[in-house]
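Each remark here refers to the structure printed beneath this line.
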Amino acid sequence: MLEILADRTYRHLFAAQITALAGTGLATIALGLLAYDLAGEDAAMVLGTVFTIKMAAYVGIAPIAGAFADRLPRRALLVALDIVRAASALALPFVSEIWQLFVLIFVLQSASAAFTPTFQATIPDVLPEESRYTRALSLSRLAYDLENIFSPTLAALLLAIMSYDALFFGTVAGFLASAALVVSVLLPSPTSSAPRGVYDRTTRGIRIYLATPRLRGLLALNLAAAAAGAMVLVNSVVLVRDGLGLGESAVAWTMGAFGGGSMLAALTLPRLLDRAPERAVMLTSAALMIASLCALAALIPAVGFSWPLLLGAWATVGLGYSGILTPSGRLLRRSSNPEDRPALFAAQFALSHACWLVTYPLSGWLMTAYGALAALTGLSALAFFGAVLALLLWPNPDPVAIPHRHDDLPPHHLHLHGKHEHVHPYMIDDLHRRWPPANPRSPD
Numbered sequence: 378m379l380e381i382l383a384d385r386t387y388r389h390l391f392a393a394q395i396t397a398l399a400g401t402g403l404a405t406i407a408l409g410l411l412a413y414d415l416a417g418e419d420a421a422m423v424l425g426t427v428f429t430i431k432m433a434a435y436v437g438i439a440p441i442a443g444a445f446a447d448r449l450p451r452r453a454l455l456v457a458l459d460i461v462r463a464a465s466a467l468a469l470p471f472v473s474e475i476w477q478l479f480v481l482i483f484v485l486q487s488a489s490a491a492f493t494p495t496f497q498a499t500i501p502d503v504l505p506e507e508s509r510y511t512r513a514l515s516l517s518r519l520a521y522d523l524e525n526i527f528s529p530t531l532a533a534l535l536l537a538i539m540s541y542d543a544l545f546f547g548t549v550a551g552f553l554a555s556a557a558l559v560v561s562v563l564l565p566s567p568t569s570s571a572p573r574g575v576y577d578r579t580t581r582g583i584r585i586y587l588a589t590p591r592l593r594g595l596l597a598l599n600l601a602a603a604a605a606g607a608m609v610l611v612n613s614v615v616l617v618r619d620g621l622g623l624g625e626s627a628v629a630w631t632m633g634a635f636g637g638g639s640m641l642a643a644l645t646l647p648r649l650l651d652r653a654p655e656r657a658v659m660l661t662s663a664a665l666m667i668a669s670l671c672a673l674a675a676l677i678p679a680v681g682f683s684w685p686l687l688l689g690a691w692a693t694v695g696l697g698y699s700g701i702l703t704p705s706g707r708l709l710r711r712s713s714n715p716e717d718r719p720a721l722f723a724a725q726f727a728l729s730h731a732c733w734l735v736t737y738p739l740s741g742w743l744m745t746a747y748g749a750l751a752a753l754t755g756l757s758a759l760a761f762f763g764a765v766l767a768l769l770l771w772p773n774p775d776p777v778a779i780p781h782r783h784d785d786l787p788p789h790h791l792h793l794h795g796k797h798e799h800v801h802p803y804m805i806d807d808l809h810r811r812w813p814p815a816n817p818r819s820p821d
């Protein structure tokens, strides 16, 4: 996996990702503690609102950013967005009212909504070979997982000697370091797509996404992952502080358990994906994640709520969560032409976070109004619904090359090579606007 770091451009981009993630991880811990200081026992509701604002920015901004990502210099765009994120994080330690927190989170996450899909769409251009790109995806997921361990560990150590407000300055440093690393390399120039209207450009990625069966299945699995992830991210601080009566450092270690499970999955997935199709791996991961939440809900009344029980459940949820998210980039790459890739990554970013837009407030509301068992039960049911929907929407088998006809094209069209019916890797574009039927006639 590490051999891809020999590529200097990818190595610097990966380092930029790590530094930005480390800063974001510190902010996640600090935001939970800030919400607890501002709202007390209503912290879950405040955090749910914060994450809802984050998701609203992602859903609204990402498609617009994706529509114009191939029209702007990627390096300049990424650096400018990192600076905006750093400036927003710099103001967070001075928040004294909940509304101020909401405004700053919206600005910061709007910049992230433009940054992340643009960054993700750059990696396939830097590493065009599928095997190297697959390892880059796992390495990227591993970076997220290490952040889920490193940032809580660092936060726990820092919280022993200073206030949580200082963690936000670590976030600023992470974004500035990311900007410096992006500046240090030359990035591939975006592939210019055909001239299109603003509406067409803004919605193109989503239309390609929803017209592709495997991506509709991916969206359903994103819903399952969002349900489980919202339970962890929104409610951990209340479960640990109020439910178990533990201190601030225990919140960080609890989040670290989730990251540990996710890291284990990232380490094993490259070899697993060499042997098994993504559909089987991702559906099995969803089942594991759902079973973990259900087991925790069943064990709390039976044996009582304890920290080791919560740590074990969160580690297993993290294992399944990573098993769903890590292969996603392979599906997006397989389902798009290079010129449509930024728009499709932006669509994945927006649609997956639309799922979080539902699960974040639902998680906070269930926890605040009805308690931990209701939150676990409700979110487990939603995750189960997403997994079953994915099973129905994602065809099995899911071939890359599909026989299809082009009765709408003239016989001399260059794409046909003299045949209206042919076989090639199929993806939605200007020549292929609908997915072909499951059992077409074999080509001549």
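Take any residue in the sequence shown, note its place counting from 1, add 377, and you have its number in our numbering. C-beta atoms are modelled at their ideal positions from N, C-alpha and C, and glycine is treated no differently.
Any C-beta of chain B under 7 Å from that of residue 594: Here chain B cannot be found, since the structure has a single protein chain.
Other residues of its chain near residue 513: CB distance less than 7 Å, five sequence neighbours each side excluded: 381, 387, 500, 504
Proximal residues to residue 385 (C-beta, below 6 Å), its chain only, five neighbours per side dropped: none
Inter-residue spacing [alpha-carbon to alpha-carbon] between residue 806 and residue 450: 24 Å
Residue interval of the beta strand (DSSP E) (run including residue 474): Here residue 474 belongs to no beta strand (DSSP E), and DSSP marks it neither H nor E.
Enclosing beta strand (DSSP E) for residue 782 [first to last residue]: 778-782
Per DSSP, cross-strand counterpart(s) of residue 716: Partner(s): none; residue 716 has no beta bridge.
Chain-order list of residues whose beta-carbon lies under 8 Å from that of residue 714 (same chain, five-residue window excluded): 804, 806
Exposed unless 16 or more other CB atoms sit within 10 angstroms - verdict on residue 508: exposed
Identity of the residue in 603, 776, 633 nearest residue 685 by Cα: 633
Contact under 7 Å by Cβ, residue 600 with residue 732: yes
Whole-angstrom distance between residue 635 and residue 809, CA atom to CA atom: 41 Å
Sufficient close CB pairs (3 or more, under 8 Å) joining the segment 763-770 to the segment 658-673: yes
According to DSSP, residues forming a beta bridge with residue 800: 780
Same chain, Cβ closer than 6 Å to residue 416, five either side skipped, listed in chain order: 423
Helix, strand or coil at residue 400 according to DSSP, with G and I counted as helix: helix
Three-state secondary structure (DSSP) of residue 807: coil
Under the three-state DSSP convention, the category residue 493 falls into: helix
Status (buried if at least 16 other CB within 10 Å, exposed otherwise) for residue 700: buried
Closest Cα partner of residue 723 within the set 585, 555, 463, 534: 585
Buried or exposed (CB count within 10 angstroms, at least 16 for buried), residue 717: buried
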